[in-house]
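Asks: Take a look at this one; I'll ask things after.
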Ligand code: MN
């Protein structure tokens, strides 16, 4: 069995409030990763760029194993810490990572999903849109424990506090899942600048609008800007 044909598009935007874009993305030969950098004085950009550059080593590979994504997170974490040590102006920088690698495992096409932090990966099939990552954030933990509803979490003052990030000592524990990949699957990888502005119903509707992945990516970013654009906005749309 060979990998099904894939098309993809991406867009990233500083938004309407921030003065620079600390998000980074990689969309290349089966590897689709978004990183949302954190840290003052442009350091977040450095951390996000390091993270996507480490994942780039998986691009174009015929077969990738889930453990290799764990290795990428560990290596990105070590590199962010090393650069923070060497360049004091970047001390304390960090980044999220979320996304997928499309690969063959035992001859069958699979999505390997990886996540650290509060960027997100969604899968849209004939059954609808489903989020495939769990935010590593204070509010998500409160939702999972039953103390907040998802609607309350969306407006909570501490909704931006992440509980795991790349650039931490000890290193963060990433989530990795393997999902079967089928013709017709749509994947969305995005930073919280999208999901803080648009609810899942709106995202589902825009993904289903019938545009090319590049058109849909551009529309998602534009709609997040129209909704306020309070943060950097980054999206990758993949169509199998
Ligand atoms: Mn963000």
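Residue numbers (our numbering): 350 to 589.
Heads up, the beta-carbon is just placed ideally off N, CA and C, and yes, glycines get one too.
No experiment lies behind these values; they were computed from the predicted model shown.
Give me whichever residues DSSP pairs with residue 544 in a beta bridge.
Replies: Answer is none; residue 544 lacks a bridge partner.
Asks: Which full runs of the alpha helix (DSSP H) of 4+ residues lie inside the stretch 402–454, going along the chain?
Replies: Entirely contained in the stretch 402–454, the alpha helix (DSSP H) runs reaching 4 residues are, in chain order, 415–435.
Asks: Closer than 7 Å by C-beta to residue 449: which residues in its own chain qualify, once you throw out the five before and the five after it? Chain order, please.
Replies: Closer than 7 Å at the Cβ level, and outside the excluded window around residue 449, lie 381, 460, 461, 462, 470, 536, 538.
Asks: Quick one, which of 475, 487, 584, 519 has its alpha-carbon nearest residue 567's?
Replies: The shortest C-alpha separation from residue 567 is found at 584.
Asks: How many Å lie between residue 501 and residue 447 at the Cα?
Replies: Each residue's Cα considered, the two are about 24 Å apart.
Asks: Check the C-beta distance from residue 593 over to residue 490 and give it rounded, since I have them as a contact under 8 Å.
Replies: This structure does not reach residue 593, given that the chain is present from 350 up to 589, and the question cannot be answered.
Asks: Going by beta-carbon coordinates alone, are residue 570 and residue 362 separated by less than 9 Å?
Replies: Yes; because the gap between Cβ atoms is below 9 Å, this pair is in contact.
Asks: Counting only the same chain and skipping the five closest in sequence on each side, list residues whose C-beta sits under 6 Å from that of residue 464.
Replies: If we look at residue 464 and ignore the five residues flanking it on each side, its Cβ neighbours are 447, 482, 524.
Asks: Could you check the C-alpha separation between residue 403 and residue 419 for me, to the nearest Å?
Replies: Computed Cα separation, rounded: 11 Å.
Asks: What is the DSSP secondary structure of residue 585, reduced to helix, strand or coil?
Replies: In this structure, residue 585 counts as strand in the three-state DSSP scheme.
Asks: Which two residues bound the contiguous beta strand (DSSP E) that contains residue 536?
Replies: First-last of the beta strand (DSSP E) with residue 536: 535–539.
Asks: Measure the beta-carbon distance from residue 499 to residue 510 and round it to whole angstroms, keeping in mind my assumption that it falls under 8 Å.
Replies: With 8 Å as the limit, residue 499 and residue 510 do not qualify as a contact, their Cβ atoms being about 16 Å apart.
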